[in-house]
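Enquirer:
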Amino acid sequence: MLINCVAYENGKKLADIPAADISNFVARPECFVWVALFQPTNEELDEMAEEFGLHPLAVEDARKGHQRPKIEEYEDVLFAVLHTLEAASEAPDAPLTEGEVAIFVGRNYILSVRHRTQKGFADVRARCEREPELLRNGPGFVFYALMDAVVDRYFPILDSIESDLEDIEEQIFVRNAARSNIEALYALKQKLMVLKHAVDPLMEASGKLYGGRVPQVCVGVQEYFRDVYDHLYRIHGTIEGIREMLTTAIQVNVGMISLSENEVTKKLAAWAAIIAVPTMVAGIYGMNFKNMPELDWAFGYPFAIGLMAVIDLYLYFRFRKAHWL
Amino acid sequence: MLINCVAYENGKKLADIPAADISNFVARPECFVWVALFQPTNEELDEMAEEFGLHPLAVEDARKGHQRPKIEEYEDVLFAVLHTLEAASEAPDAPLTEGEVAIFVGRNYILSVRHRTQKGFADVRARCEREPELLRNGPGFVFYALMDAVVDRYFPILDSIESDLEDIEEQIFVRNAARSNIEALYALKQKLMVLKHAVDPLMEASGKLYGGRVPQVCVGVQEYFRDVYDHLYRIHGTIEGIREMLTTAIQVNVGMISLSENEVTKKLAAWAAIIAVPTMVAGIYGMNFKNMPELDWAFGYPFAIGLMAVIDLYLYFRFRKAHWL
Amino acid sequence: MLINCVAYENGKKLADIPAADISNFVARPECFVWVALFQPTNEELDEMAEEFGLHPLAVEDARKGHQRPKIEEYEDVLFAVLHTLEAASEAPDAPLTEGEVAIFVGRNYILSVRHRTQKGFADVRARCEREPELLRNGPGFVFYALMDAVVDRYFPILDSIESDLEDIEEQIFVRNAARSNIEALYALKQKLMVLKHAVDPLMEASGKLYGGRVPQVCVGVQEYFRDVYDHLYRIHGTIEGIREMLTTAIQVNVGMISLSENEVTKKLAAWAAIIAVPTMVAGIYGMNFKNMPELDWAFGYPFAIGLMAVIDLYLYFRFRKAHWL
Amino acid sequence: MLINCVAYENGKKLADIPAADISNFVARPECFVWVALFQPTNEELDEMAEEFGLHPLAVEDARKGHQRPKIEEYEDVLFAVLHTLEAASEAPDAPLTEGEVAIFVGRNYILSVRHRTQKGFADVRARCEREPELLRNGPGFVFYALMDAVVDRYFPILDSIESDLEDIEEQIFVRNAARSNIEALYALKQKLMVLKHAVDPLMEASGKLYGGRVPQVCVGVQEYFRDVYDHLYRIHGTIEGIREMLTTAIQVNVGMISLSENEVTKKLAAWAAIIAVPTMVAGIYGMNFKNMPELDWAFGYPFAIGLMAVIDLYLYFRFRKAHWL
Amino acid sequence: MLINCVAYENGKKLADIPAADISNFVARPECFVWVALFQPTNEELDEMAEEFGLHPLAVEDARKGHQRPKIEEYEDVLFAVLHTLEAASEAPDAPLTEGEVAIFVGRNYILSVRHRTQKGFADVRARCEREPELLRNGPGFVFYALMDAVVDRYFPILDSIESDLEDIEEQIFVRNAARSNIEALYALKQKLMVLKHAVDPLMEASGKLYGGRVPQVCVGVQEYFRDVYDHLYRIHGTIEGIREMLTTAIQVNVGMISLSENEVTKKLAAWAAIIAVPTMVAGIYGMNFKNMPELDWAFGYPFAIGLMAVIDLYLYFRFRKAHWL
């Protein structure tokens, strides 16, 4: 589906143009064209490929989707694949769905192809159009703006993972830590791996867009790409930190639950001892010997009961003191 | 066994030729020869080595098999070893069998030697012959097509490992997680290591076929090799992700089963306490003291039974509440 | 809030100057201006940006805070972000709060913007002013002095983590190692990760300030930056060492506590056996057979009691010897 | 002990020569001398050092042994240390003994010094003498042949480790997995570390013998050294794979045994419950209340026994169903 | 404290000279001065700094100590910090104390400053003076000799750690593995980390003293520094190996002890069952039913006892067979 197809001149919007006119505008050196597609049909994509003269391998990648995040040069055209991440639903522990945006950046055009992503980039276009002095930098700047938008959307996801971890951490050392903790930690790890999978290859790739030799379309906006790289690097660092804490938290949590269970067993064993002692005493006075003087005492029975009580109280307080009860 | 031996000119099939004529066609600059062998005899391989003038060390590697995946240059000839992976049987958890394809790529010939691999590359040849404009690129393109086919066959294996992992993950937190889970996770890890063993060295090696200086036969088709590299890199990334989740899953699963067992023990200990109390009470009223007033009560017996029942009901509900039962 | 705004000439303080005069002094080649802001308002920061002609992206970073530690070049201006760490309170196990200092270093000015940091850098300014021969090196030296101060404040934090670890290590092998140990180790790991997060990116970045090509403002004071790098590298090495010991300590501690619990269970089971034996003997002499000679013995009862005592003493000493009690 | 001292010309054996004549032959440009020592005395080694003009530091290394595997250049002489591995005895689980071969390779000589190694290199010499066209390549080729022989002897060791691991893996999930499994895994890991210790530094070092700039003596036989590197790399890869599986296997095995033990405890606890119930019932009918109607029933006794049996059968089948028995 | 201050000419000792004369001798091109300090006062160090013209940052490092091992260039002066390790006492498990030697190497002087180190370098000086032909190489060679001495003293420490590990490994699989094993492994790991901390940064730094461009003072003695590097690399490799085995050993040992404890619990549970059965039987014959034929049998009592014995013997042998006892 064609979302937008707009020509710009000197950073200002010229006009919405039909797809068939694209090649005319691309031929004008002072113009550039910005096209946005959403899950295009084969025909739509083929038309674009022809209008812009795109490389067949890159077109195939954009068509099929399911690429890894990457930034590639095909001669003077930059081809980028970014992963978008969105919560599958409003629920607090909804899994992440992974979408994809393929972007072609030429000398005077930029084409974005969005797959499996709810949220579009209308806001990016609006902001760019409000700042013509920046938009004048051309497709390279638009590319930055799109990339920046995708990366900015990682932050709330990262934040939610971080605060989920903190919530769980508070539960770890609570006495009756439920096994649901481990389940939550495991789910968090899965989420984190999805994020890591989106961030790490992109960080690596975006490192080539500033400093030293950069692709032609990035010349003049390198410092913006360094900014994006910086954000990715920061996310990467936080992911690594969370990952390590998650591993430790799972290890500690399994240990903690195991201790909880053992403690219950210990407690029950202590109670068993407390019950076993009167049983033994009763057994002794239940023996059928002819000659057992206590049996004939007037206070034999209360004495026996008292004996049981005394021993049990002693045990109870000793076990208490030893923290076995 | 000689599978195919065909000469091509300008991307079009010229003729099936006998092995003895190979050197004639190789001498014609506009032609190239594409030969496919399957577990060749020593004589067959020696004949090829002579016709093409192959390096003895490479020929030895192709003869013996059991090489690691690699891509080597012998002067202007490229020698590659790829690992093919096939399920040993139709069974869902069949182990993987590792085959091998050795490929020699010269200026105007390409020779593939297949070992321990059921599925051949007839489909690759057919597709190439349908696209003469691409096949015109010569042996370098054929090399790409073969490599691409081998790598494409890794994807279903990877997908099956991924979906197996997801199946097991759903079982981990189920109460009576069977120990068979761990067995399955262990088998999955073994499978993954076989795949990793095929992919990682090849990824490394194929990184040298594009960008910067590339072997002569790859000139002009570098972007295709970048595509293959990309696929390998994506597989590599997914493998690493699965590997980390597998480690966590095994750790969590061992923990979970251990908890399950502990819970049963805990439950049995709780029941033991419930049984021990009436035994104790009964023991007390089984004592033989002369002077035990309760024994003479009309309702002594029901009273004792009632006492037992009351204590046990109390214990039962307390244990319930503490989730010990 | 503007903390200080001072012009220096040849390493000597010239005068406190109003913000509006900054651009005049910056224009004088033999002068440099050193400005310190604390959580500035947007207007304050914008004024500075104008006076010094700062790059908008860097200004945004300084305004928003929450950057990762980094050192970036914007043409001939150096922009650095450092993390400051302070204990949240006087309590011995208070968590760390992470502040931030953004620093702009130009040819003849230096501007520091402090966020969420209690302790300022008045002491750094004082020391610099006492050593005019060093201050003569200009903004590069001041930058070193600020960085050195930030890094020096990491050392007491690192030391406290190290000594906390040593304290806990002494508790690990004590018999009744409390589970609080693990809690403390986990908290220590969290603290360590915060420190690591501040140190590692800064170490990486500061490695570019000496040797080979360095930014213009660092020329002549490179050896000072190597010194800072050295301190960071040393902290980094110690962090890695602590991190590894922490992992081992947690693993060992979970193991140790689990053993402690098991030992109690073992001990209780041994006592259960000791109680069970007299119960069994008593049960036997409680049977109602007509023909049980012992029952009629004069010393049957003491004999039975003696039998119980002998068996139990035997068990007690055997269990003792086997370290089960 | 001097094993061999032979002069070669154009790849053909010229004569066994006495050690004192070495310097004469080394001076003849078309000749080279190949000397093999086994645990030489100080005097033997000093004589060689003089005849060949070896560097004192290298001679010290060769004399003392216990070096790490390495390849060093002393001007135009190559000095290599290789580790040989041999099973200490014929027993299947015999530990590995680590020997050492120090090799000096000059423009027209090669000297090998063997320490703590049973098997010599007579077979290497024999094979070389059978292939004069290869031996014509001079000391560089002989160096390759020796290195190749050492590396080839690693393969059976690696294979035996691999098959040992497979044997143990089959035992892991068997119900009564003996703790001997863990012992075997630990021993396997020790063996693997010895192999890794021999292979890794050598692989690193041998990477410098082909491609780019290589030492003078390796010129012309670089492709042979790439072959050796390849073998080492393959061994390295397999070692890493085994190492990871070993770690997982140990983890899983400890878990499995722990489960086995827990299962026994669970089973015994279940049986304890089954025994406790009749004991309780018997206790109740052993009470001495005057008024217990059941006691006077004609079939009171069989009724009580029946009651016990019914409850126990119910428990037995329930426990069975819950897999507690 | 000034230990030694000697001037050398052409590798031969000229004279012990007073500190005040140093600058005279340093000015003579054919001489060099070798000074050794032990925990110098501020004044001593300041005097040296003046005589030799040392860089203030390096002097500060040497004064304060507690640096990481490093080798730095200050123009044409090399400044090195080495860590010395000494056992704190004669006891076999004495912890290591970490000392420090700071070394300044100029064109014709060398100054060593020793901190917290018992053993000096008198032996190094003695050996150097015995070999004037080597000492003629100047301060670079002396620097090598000192570094070599420090590194050589790491070997016995490494050996003792290795043999300690072997001793513990033999204890791991012994049935009643004491928890002291884990304590010993933990202490070993602490020791190892101290060694690693001394070795790794030094190895890294010393790699810059040979091959390619080296500091001026190392020219001509590069092969000696490669030798030192080699030793450090070997130690490093062994440390990594031990570290991995330690991790495995701790893991296995915790597992083994846990199994031991479980086994005892299992055994006690089995004995509990053996005791519970006669108790049950006795309970049954202790019931007060009117009509219990066995009670009136002449051999009822021996029959009951026999029944108990038979059941218990059966259980005993079954448990034995199942390795539960």
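Protein chains in written order, with this note's numbering: chain A, 1 to 325; chain B, 1001 to 1325; chain C, 2001 to 2325; chain D, 3001 to 3325; chain E, 4001 to 4325.
For every residue, glycine included, the Cβ atom is placed at its ideal position computed from N, Cα and C.
Note that the coordinates shown come from a computational prediction; the quantities given were computed from them, not determined experimentally.
1. In angstroms with no decimal places, state the Cα-to-Cα distance between B:VAL1026 and E:ARG4213.
2. In terms of alpha-carbon separation, which member of D:PRO3278, D:PRO3156, D:GLY3283, D:ILE3274 lies closest to D:ARG3320?
3. Give a yes or no on whether the C-beta atoms belonging to A:PRO201 and B:TYR1233 are separated by under 9 Å.
4. Given a threshold of 16 other Cβ atoms within 10 Å of its Cβ, counted over all protein chains shown, does C:SER2180 qualify as buried or as exposed?
5. Between the segment 2008-2025 of chain C and the segment 2080-2093 of chain C, do three or more beta carbon pairs fall short of 8 Å?
6. Counting beta carbon pairs with one atom in the segment 2067-2084 of chain C and one in the segment 2192-2207 of chain C, are three or more of them shorter than 8 Å?
7. Just by C-beta distance, which residues in the segment 3098-3124 of chain D are closer than 7 Å to chain E?
8. Can you list the alpha helix (DSSP H) stretches of 4 or more residues lying completely in the segment 3162-3240 of chain D, in chain order?
9. Taking only beta carbons into account, state which residues of the segment 161-190 of chain A come closer than 9 Å to chain B, listed in chain order.
10. Quick one: any contact between the segment 284-297 of chain A and the segment 2281-2291 of chain C, if contact means 3 or more CB pairs under 8 Å?
11. Is the Cβ-Cβ distance between E:ALA4007 and E:GLU4047 less than 9 Å?
12. Closer than 7 Å between beta carbons: that is the criterion. Which residues of the segment 59-91 of chain A meet it against chain C?
13. Bridge partners for C:LYS2012 per DSSP, in chain order?
14. With 9 Å set as the bound, which would you pick, yes or no: does the beta-carbon of A:ALA249 sit closer than that to a beta-carbon of chain B?
15. Can you find a CB in chain D that lies within less than 9 Å of the CB of E:VAL4252?
16. Do the CB positions of E:PHE4155 and E:ILE4235 come within less than 9 Å of each other?
17. Note the first and the last residue of the continuous beta strand (DSSP E) segment covering C:ALA2094.
18. Just to confirm the assignment, what range does the alpha helix (DSSP H) spanning E:LYS4290 have?
19. Of all the residues that make up the segment 3267-3289 of chain D, which are near chain B by a beta-carbon distance shorter than 7 Å?
20. Between A:THR265 and chain B, is there a C-beta pair that is closer than 9 Å?
21. Report yes if the CB atom of A:LYS70 is closer than 9 Å to the CB atom of A:ALA205, and no otherwise.
22. Secondary structure at B:LYS1070, three-state DSSP: helix, strand or coil?
23. Between which two residues does the beta strand (DSSP E) carrying B:ALA1036 extend?
24. Out of D:LYS3191, D:LYS3266, D:GLU3073, which has the shortest C-alpha to C-alpha gap to D:THR3097?
25. Which first and last residues belong to the alpha helix (DSSP H) in which A:ARG318 is found?
26. What is the rounded straight-line gap between the Cα of D:GLU3326 and the Cα of C:ILE2110?
27. Could you name the residues of chain B that A:HIS197 contacts, counting a contact when the two beta carbons are closer than 9 Å?
28. Report yes if the CB atom of D:PHE3169 is closer than 9 Å to the CB atom of D:ILE3242, and no otherwise.
29. Determine, for C:GLU2133, whether the minimum Cβ-Cβ distance to residues of chain E falls below 9 Å.
30. Assuming D:GLN3216 contacts D:ASP3093 under a Cβ cut-off of 8 Å, what Cβ separation, rounded to an integer in Å, is found between them?
31. Can you round the beta-carbon distance between C:PHE2001 and C:LEU2037 to whole angstroms, since I take them to be within the 8 Å contact cut?
32. Report the partner residues of A:ASN4 according to the DSSP bridge assignment.
33. Could you tell me which of E:CYS4218, E:ASN4042, E:GLU4131 sits nearest to E:GLU4073, measuring between CA atoms?
34. Can you tell me which of B:ARG1116, B:TRP1034, B:TRP1324, B:GLN1067 puts its alpha carbon nearest to the alpha carbon of B:ARG1107?
35. Measure from the C-beta of E:ASN4042 to each C-beta in chain H and report whether the shortest distance is under 9 Å.
36. Rounded to whole angstroms, how far is the Cβ of D:GLY3011 from the Cβ of D:GLU3183, which I believe are closer than 8 Å?
Expert: Result, derived from the coordinates:
1. 49 Å
2. D:ILE3274
3. yes
4. exposed
5. no
6. yes
7. Listed by position, the residues of the segment 3098-3124 of chain D near chain E (Cβ gap below 7 Å) amount to none.
8. You should have 3180-3206.
9. ASN176, ARG179, SER180, ILE182, GLU183, LEU185, TYR186, LYS189, GLN190
10. yes
11. no
12. Of all residues in the segment 59-91 of chain A, none has a C-beta nearer than 7 Å to a C-beta of chain C.
13. C:GLU2009
14. no
15. Among the residues facing chain D, E:VAL4252 is included, as its CB has a counterpart in that chain under 9 Å away.
16. A contact, by the Cβ cut-off of 9 Å.
17. Looking at the DSSP string, C:ALA2094 is not in any beta strand (DSSP E), and its letter there is neither H nor E.
18. Taken as a continuous stretch (DSSP letters only), E:LYS4290 belongs to no alpha helix (DSSP H), as it is neither H nor E.
19. ALA3269, ALA3270, ALA3272, ALA3273, ALA3276, VAL3277, THR3279, MET3280, GLY3283, ILE3284, GLY3286, MET3287, ASN3288, PHE3289
20. yes
21. yes
22. strand
23. 1031-1038
24. D:LYS3191
25. 300-321
26. Past the edges of chain D, shown from 3001 to 3325, lies residue 3326 of chain D, and the structure says nothing about it.
27. Against chain B, a Cβ distance below 9 Å from A:HIS197 picks out GLY1237, THR1238, GLY1241.
28. Note that residue 3169 of chain D is Glu in the sequence shown here, rather than Phe. No, the pair does not count as a contact, with Cβ atoms beyond the cut-off.
29. No, no contact with chain E.
30. Contact between D:GLN3216 and D:ASP3093 fails: their C-beta atoms lie close to 45 Å from each other, not under 8 Å.
31. The sequence given here has Met at residue 2001 of chain C, not Phe. Right, their Cβ atoms sit about 7 Å apart.
32. A:ALA36.
33. E:CYS4218
34. B:TRP1034
35. The displayed structure is made up of protein chains A, B, C, D and E, and chain H is not among them.
36. Actually they do not touch by this definition, with Cβ atoms about 52 Å apart.
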